[in-house]
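Read the structure below first, then the notes.
Residue numbers (this note's numbering): 29 to 145.
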């Protein structure tokens with residue numbers, strides 16, 4: 029006699045990000061990926077929202093930053109949601125990780141990267 033499969037585990041509302049959260053305003057999160065095995069990006073800009081097939085944890089990825097081979101920092105911001113700018117991507121090259129982080133965070137409520145120097 030076959031044993032029935034256990035019910036699928038429920039996703040927690042939000043994965044345990046622990047001390048990886050750099051900024052959190054209740055809607056948007058800036059998360060560090062430093063030291064995460066296999067991750068090319070060093071950080072993510074996320075927005076909380078309803079759980080869906082695209083966002084099973086209720087977190088939509090809006091951008092990321094990473095270190096380039098020449099020592100500069102690259103940041104990319106994708107406009108989320110269903111608005112006129114949805115899917116539009118803006119990018120920037122920055123001299124420091126702090127500049128990349130500040131630009132991602134400053135652009136969290138905008139459809140494009142802030143590109144402040």
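Just so you know, even glycine gets a beta-carbon here, dropped at the ideal spot from N, CA and C.
*asked:* My assumption, with CB atoms under 8 Å, is that residue 69 sits in contact with residue 92. Please give the rounded CB distance.
replied: Position 41 of the chain shown, counting from 1, holds the residue named residue 69. Position 64 of the chain shown, counting from 1, holds the residue named residue 92. 4 Å between Cβ atoms; contact.
*asked:* Which residue marks the beginning of the alpha helix (DSSP H) containing residue 125, and which one marks its end?
replied: As a working mapping, residue 125 is identified with position 97 in the chain shown. Segment 125-134, the alpha helix (DSSP H) holding residue 125.
*asked:* With H, G and I counted as helix, E and B as strand and the rest as coil, what does DSSP make of residue 105?
replied: Numbered from its first residue, the chain shown carries residue 105 at position 77. Strand at residue 105.
*State the Cα-Cα distance for the pair residue 99 and residue 127, rounded to the nearest angstrom.*
Position 71 of the chain shown holds residue 99. Position 99 of the chain shown holds residue 127. Whole-angstrom Cα-Cα distance: 13 Å.
*Proximity of residue 61 and residue 49 at Cβ, strictly below 7 Å*: Against the chain shown, residue 61 aligns to sequence position 33. Against the chain shown, residue 49 aligns to sequence position 21. Not closer than 7 Å, so no.
*Distance, Cα to Cα, residue 74 vs residue 125?*
One-based indexing of the chain shown puts residue 74 at position 46. One-based indexing of the chain shown puts residue 125 at position 97. The straight-line gap from Cα to Cα measures roughly 18 Å.
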